[in-house]
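Below: one structure, written as structure tokens.
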Amino acid sequence: MAKLMKWAMKPFRRVPCPPMRFPTSGFNIVPSSEIFEEERFEHIGNGRYYPANIGDVLNANSWQPGHAHIRKALDIFTIPRSGGDHPYLLHRNPTHRFSEDLFKAGLLQILQALDYLHTECKLVHTDIKSDNILQDIEDKSILKSFAQAELTNPSPRKFVNGLPVYASRRFDLPKVFGRAVLSDFGSAVREDEKRNHDAQPNVYRSPEVMLKTDWSYLVDIWNVGAMVWDLFEGRHMFCGDDPNGKGYSMRAHLAEVMGLRGPPPLDMLRRGKRSHEFFTEDDIVIPTGVSLEQSEQFLEGRNKEMFLVRMRGMLQWRPEIRKTAKEILQGPWLDDQAE
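In structure tokens:
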């Protein structure tokens with residue numbers, strides 16, 4: 001019977017696409033001494049990875065049932081950032097910021113995820129950043145254009161000991177925002193317990209974490225407010241670059257927060273176990289002449305006003321008056337079409 005069903009279904013099977021033939025010439029040859037993205041990592045070595053060429057079809061027991069439950073990488077690349085380079089599995093062209101519609105769709109889904117996490121699961125994520133937000137590829141055209149670009153304009157590459165090393169190729173911005181999924185709960189903590197340990201990615205760190213006061217789920221809201229600025233404005237809201245040239249520091253970060261959101265409440269400073277480390281006579285200069293209105297560069301009129309209302313709600317010094325995910329979701333703009 002099984003054989004009969006298999007025979008009956010045969011005409012309806014999808015014919016597999018023939019393998020694409022990518023160019024073997026016509027690309028830029030890069031000097032072998034030039035360092036490509038992931039080669040900056042200490043653990044990278046020629047003998048530790050399978051030497052694959054663009055266009056290779058690799059068969060690794062894809063019939064095995066577990067194969068369907070392994071997430072496959074579409075592309076592997078590296079982005080330099082403070083504290084060292086970081087590997088990513090999907091890269092959005094950093095010169096392309098999200099359109100308003102794409103941005104609103106992403107923010108809406110992230111806030112819905114946080115509302116569920118905070119109200120139903122009673123958990124605080126504490127580590128919200130772009131590489132912990134997975135996104136379905138709804139707009140398949142970016143994959144087709146990616147492959148076509150490789151056919152017509154092959155990626156630059158170099159050869160080391162006869163093996164190819166390719167420069168990364170970037171995906172176009174999608175026309176439709178696919179389903180966003182918040183991931184990596186390795187740093188999550190229970191919401192009903194007050195804590196004051198260090199948490200969160202450096203540039204997205206909330207004031208209560210930096211000052212070392214008790215904190216709970218509203219640190220996630222500040223985290224999202226700072227992170228979405230990267231997605232829409234194309235740059236960090238806070239960088240925390242210390243003037244001593246040693247990279248990120250919390251004192252520089254707090255100075256930037258004060259420049260943008262005003263001075264911290266005195267009672268919050270008194271509660272902070274680390275406040276005395278930052279507010280000293282030799283502290284760094286507070287930035288002046290900056291505001292959310294001036295920093296936001298891409299919206300106008302009502303849309304800008306509604307966006308900044310939400311940003312102010314997320315970026316309050318006092319966590320007790322910071323908006324919750326549910327509150328930020330309410331009202332116009334997020335569900336509106338861009339004007």
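The letter at position 146 of the sequence shown is residue 146 when you use the UniProt record's numbering, and the numbering goes up by one with no holes.
Yeah, the Cβ is synthetic: ideal placement off N, Cα and C, and Gly gets one too.
Sorted by chain position, which residues of the same chain lie with C-beta nearer than 6 Å to residue i's C-beta, five sequence neighbours on each side aside?
i, result
"Pro263", "none"
"Ala188", "Leu123 and His125"
"Gly106", "Phe177 and Ala180"
"Val290", "Gly259 and Leu260"
"Tyr166", "Ser155 and Arg157"
"Leu58", "The predicted position of Leu58 is uncertain, since its pLDDT is 49 and thus under 50; a value taken from the coordinates is nonetheless stated next. Within the same chain, Leu58 has no close Cβ partners at all."
"Arg92", "Bear in mind that the predicted position of Arg92 carries a pLDDT of just 42, short of 50, making it unreliable; the figure below should be weighed with that in mind. For Arg92, where only same-chain residues beyond five positions count, there are no Cβ hits under 6 Å."
Once DSSP output is grouped into helix, strand and coil, what is the label at residue i?
i, result
"Ala68", "Low local confidence applies: a pLDDT of 34 at Ala68 is under 50, so the model's placement there is unreliable, and no value is given."
"Leu98", "Note that residue 98 corresponds to Phe in the displayed sequence, not to Leu. Correct three-state label for Phe98: coil."
"Ala73", "Because the pLDDT at Ala73 is just 48, under 50, the model does not fix this residue reliably, and the value given afterwards should be weighed accordingly. Three-state result, Ala73: coil."
"Phe159", "strand"
"Val309", "helix"
"Pro174", "coil"
"Asn93", "Because the pLDDT at Asn93 is just 41, under 50, the model does not fix this residue reliably, and the value given afterwards should be weighed accordingly. Correct three-state label for Asn93: coil."
"Val203", "helix"
"Arg190", "strand"
"Ala105", "helix"
"Arg21", "coil"
"Arg251", "helix"
"Pro332", "coil"
"Pro264", "coil"
"Val257", "helix"
"Pro319", "helix"
"Asp241", "strand"
Buried or exposed for residue i, please, with buried defined as at least 16 other CB atoms from any protein chain shown within 10 angstroms of its CB.
i, result
"Met183", "Reading the sequence as shown, one finds Ser at residue 183 and not Met. That one is exposed."
"Gly225", "buried"
"Gly162", "exposed"
"Gln200", "buried"
"Leu266", "exposed"
"Arg318", "exposed"
"Thr324", "buried"
"Asn28", "exposed"
"His253", "buried"
"Thr213", "buried"
"Ile35", "exposed"
"Gly272", "buried"
"Pro207", "buried"
"Pro174", "buried"
"Leu151", "exposed"
"Glu256", "buried"
"Gly247", "exposed"
"Arg21", "exposed"
"His118", "buried"
Starting from residue i and walking both ways along the alpha helix (DSSP H), at which residues does that stretch end?
i, result
"Ala149", "Ser141 to Thr152"
"Gln135", "Taken as a continuous stretch (DSSP letters only), Gln135 belongs to no alpha helix (DSSP H), being part of the beta strand (DSSP E) at Ile133 to Gln135."
"Ala226", "Leu218 to Glu233"
"Leu211", "Pro207 to Leu211"
"Phe298", "That residue, Phe298, is in no alpha helix (DSSP H); it is neither H nor E in DSSP."
"Glu277", "Ser275 to Phe278"
By Cβ distance, which residues of its chain are closer than 7 Å to residue i, with the 5 residues on each side in sequence left out?
i, result
"Val209", "Asp198, Ala199, Gln200, Trp215 and Val219"
"Lys113", "The sequence given here has Ala at residue 113, not Lys. The residues are Leu182."
From what residue to what residue does the beta strand (DSSP E) around residue i run?
i, result
"Ala180", "Ala180 to Leu182"
Considering only residues of the same chain and omitting the five flanking positions on each side of residue i, which have a CB-CB separation below 8 Å?
i, result
"Met268", "Pro207, Glu208, Leu211, Thr213, Trp317 and Arg318"
"Ile284", "Asp242, Pro243, Arg251, Ala252 and Ala255"
* Asked: Counting Cβ pairs closer than 8 Å, one from the region 226 to 243 and one from the region 125 to 137, do we hit at least three?
  -> yes
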